[in-house]
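Participant: Chains as they are written, first to last, in full-length UniProt numbering: chain U, 1 to 247; chain G, 1 to 247. Note that beta-carbon positions come from the ideal geometry of N, C-alpha and C, so glycine has one too. Sharing a structure with you now.
Protein chains: 2
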Amino acid sequence: MAEFLIRKLENFSRLSAEDRRALDQAARQRTRQIRPRDDIVREGDLPPGVNLILDGWACRYKTLEDGRRQIIAYLLPGDLCDHGVPILREMDHSIGTLTAVTLAEITPETIRQLTAGHARLSQALTWESLVAAAIQREWTVNIGQRTAFERLGHLLCELYLRLHAVGLTQGPTCELPLTQAEIADTIGLSVVHVNRTLQELRGAGLIALRGRELTLLRLDALQRAVQFNPNYLHLDHEGRHLDANET
Amino acid sequence: MAEFLIRKLENFSRLSAEDRRALDQAARQRTRQIRPRDDIVREGDLPPGVNLILDGWACRYKTLEDGRRQIIAYLLPGDLCDHGVPILREMDHSIGTLTAVTLAEITPETIRQLTAGHARLSQALTWESLVAAAIQREWTVNIGQRTAFERLGHLLCELYLRLHAVGLTQGPTCELPLTQAEIADTIGLSVVHVNRTLQELRGAGLIALRGRELTLLRLDALQRAVQFNPNYLHLDHEGRHLDANET
DNA sequence: CGAATATAATAACAAAAGTTAATCATCGCG
DNA sequence: CGCGATGATTAACTTTTGTTATTATATTCG
């Protein structure tokens, strides 16, 4: 059930069988199915408990009055969200699905049990939320400083590596269930320019993208071309010097 | 000593005398002075313990290989940083001062004591870190979706309100110890364009800025003009409908 | 299957923002 | 007091990115 989360956390530290069992059980308590392009929580709502994405893609986003929208974060299988948020009065952003999503709602009580008994697990969960914060910071850098070409390439590297960390890549290929409009709202470009920039990346022989299937043809070259430094993902406990051709 | 932090936390909930005393004492244990434009921690370093800004302005930032720099967050008096980070192997960004800074280093042990005994205080500290995350998300929106005019105005609103939350405003005025180059690196614009945009804000009668003194002449109008919604600062427990003319 | 709809691709043009360079203002300090 | 340095301002020009519109291609669903 919590296979993706477990796999992700094991990038940080080896979990005990007991840790894994506890996580798995927590993920079974209450699960929910949500349709593609539906909201899980809306800005202004009361903050929800902790949600774990079991399957599918979701995102945090914010809409301005005049309709402009910014995707603030992607929530991929194995991602936890809103750890601790119930303290706040109301949500300051929305969370919506991109694809069909299965998620597990984990009660505060369960969280307490998970962290109380298991020191390693507790550390691993802290690690996961620190990485989420680091990703958010990196997005600020990405949108603030990089060119369109770099921004887009950087995003693709990040998504690929995050999917790799949960075992959702096949060789140099992964799913990318995003429209160009969604990509545009992620990196602060217009749809037209995203399209242009994708052509550039293809033209440079760095990526192949057909439908929802993305292939990073030369991950190393792409990382260099867009100044992608994976340090902020903090996967270095095992996954350093990743070879795109392994499974 | 920890006056600004205390003042900030009291935007969230009333602290007991004991809470305040404990915070104040924690802030006295080990303090450090750092010169303007000096680094507190550098990317690649071992993560430091928790630092509390007692006075002055600092920032998180990241530098790309070719020298481009993005300021990722401002650390103002009363701000805490790097809660929990020691779990990570190394810093993925740097922290540097803008002005002279006094900070308190708070040991993990002290943090434990602070949170263990005092439920309210513990909640308030969680609130502070949730707000920091919310600010980071808002920056993504700001840089990703807004025009130069809106971006800059939004930043000024945020800084003013954050300073207000710690009592560092005088009427509609506050300090702004930033060069235009630093502002540029914050909102992803060139220095020249920041200058142009400042002229626009002045021309619209929304701000006055001489040297390091910023005045928001018509806060309401400015907020409307740049679509600034303060909800993400989560100050609503007391400070809603702030009047810029109060002290 | 095939119409309806959503998404992708291009082109032509407009606007926003970046670059370079020069001048002006301020400030610390010998 | 005036030198030197940093920061602010402005101008002229270039580049990047956005806008609008049209066509092509997929996808969905009756």
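#1: Pick helix, strand or coil for residue 229 of chain G, following the three-state DSSP scheme.
#2: For residue 137 of chain U and chain G, any beta-carbon pair shorter than 8 Å?
#3: Buried or exposed for residue 192 of chain U, going by 16 or more other Cβ atoms inside 10 Å?
#4: Return the bridge partner residues of residue 153 of chain U from the DSSP annotation.
#5: Residues of chain U with CB under 7 Å from residue 134 of chain G, in chain order?
#6: Near residue 232 of chain U, which residues of its chain fall below 6 Å by C-beta distance, leaving aside the five closest residues on each side in sequence?
#7: List, in order along the chain, the chain U residues whose C-beta lies closer than 7 Å to that of residue 62 of chain G?
#8: Give a yes or no on whether the C-beta atoms belonging to residue 203 of chain G and residue 218 of chain G are separated by under 8 Å.
#9: Report the CB separation of residue 76 of chain U from residue 166 of chain U in whole angstroms; it is logged as a contact under 8 Å.
#10: On the three-state DSSP scale, how would you describe residue 117 of chain U?
#11: Could you please tell me which residues of the stretch 46 to 57 of chain G, in chain order, have their CB closer than 9 Å to any CB of chain U?
#12: Does the stretch 102 to 118 of chain U come within contact of the stretch 17 to 33 of chain U, defined as at least 3 CB pairs closer than 8 Å?
#13: Between residue 128 of chain G and chain U, is any beta-carbon pair separated by less than 8 Å?
#14: How do the stretch 219 to 228 of chain G and the stretch 150 to 161 of chain G stand: do at least 3 beta-carbon pairs fall below 8 Å, yes or no?
#15: Residues in the stretch 192 to 208 of chain G with C-beta within 9 Å of chain U's C-beta atoms, listed in sequence order?
#16: Rounded to whole angstroms, what is the Cα-Cα separation between residue 89 of chain G and residue 124 of chain G?
#17: At which residues does the beta strand (DSSP E) containing residue 55 of chain G begin and terminate?
#18: Would residue 234 of chain U pass as an interface residue toward chain G - the criterion being a Cβ-Cβ separation below 8 Å?
#19: Report the residue from U:190, U:11, U:185, U:171 whose alpha carbon sits nearest the alpha carbon of residue 213 of chain U.
#20: How many Å lie between residue 111 of chain U and residue 111 of chain G at the Cα?
#21: Examine the Cβ distances between the stretch 113 to 123 of chain G and the stretch 46 to 66 of chain G and report whether three or more of them are shorter than 8 Å.
#22: Name the chain G residues that come within less than 8 Å of residue 67 of chain U, Cβ to Cβ?
#23: Would you kindly work out how many angstroms separate the C-alpha atoms of residue 264 of chain U and residue 183 of chain G, rounded to a whole number?
#24: Going by CA-CA distance only, name the one from G:45, G:35, G:46, G:56 that's closest to residue 4 of chain G.
#25: Determine the direct distance from the alpha carbon of residue 69 of chain U to that of residue 143 of chain U, and round the result to whole angstroms.
#26: Please work out which residues of its chain come closer than 6 Å, Cβ to Cβ, to residue 163 of chain G, disregarding the five sequence neighbours upstream and downstream, and give them in chain order.
#27: Since residue 34 of chain G meets chain U, which of its residues come closer than 8 Å, beta carbon to beta carbon?
#28: Compare the Cα-Cα distances from residue 72 of chain G to each of G:132, G:235, G:126, G:100 and report the closest residue.
#29: Please check if any C-beta of chain G sits within less than 8 Å of the C-beta of residue 29 of chain U.
#30: Should residue 128 of chain G be labelled buried (16 or more other beta-carbon atoms within 10 Å of its own) or exposed?
#31: Can you find the residues in the same chain that come closer than 8 Å, C-beta to C-beta, to residue 200 of chain U, ignoring five residues on each side of it along the sequence?
#32: Within 10 Å of its beta-carbon, does residue 249 of chain G have 16 or more other beta-carbons around it, so buried, or fewer, so exposed?
#33: Any Cβ of chain U within less than 8 Å of the Cβ of residue 231 of chain G?
#34: What does DSSP give as the partner residue(s) for residue 214 of chain G in the beta ladder?
#35: For residue 32 of chain G versus residue 94 of chain G, is the C-beta distance shorter than 8 Å?
#36: So is residue 113 of chain U in contact with chain G if we call contact Cβ pairs under 8 Å?
Facilitator: Answer, in terms of the structure:
#1: coil
#2: yes
#3: exposed
#4: Looking at the DSSP assignment, residue 153 of chain U forms no beta bridge with any residue, so it has no partner.
#5: 92
#6: 134, 138
#7: 141
#8: no
#9: 7 Å
#10: helix
#11: none
#12: yes
#13: no
#14: yes
#15: none
#16: 28 Å
#17: 50 to 55
#18: yes
#19: U:171
#20: 21 Å
#21: no
#22: By Cβ distance, chain G contributes nothing, its closest Cβ being about 10 Å from residue 67 of chain U, past 8 Å.
#23: Any answer about residue 264 of chain U is impossible in this case: the structure gives chain U only from 1 up to 247.
#24: G:56
#25: 14 Å
#26: 169, 174
#27: Within chain U, no residue comes near residue 34 of chain G; the closest Cβ sits about 21 Å away, beyond 8 Å.
#28: G:132
#29: no
#30: buried
#31: 149
#32: Because chain G spans 1 through 247 in this model, residue 249 of chain G falls outside it and cannot be assessed.
#33: yes
#34: G:174, G:209
#35: no
#36: no
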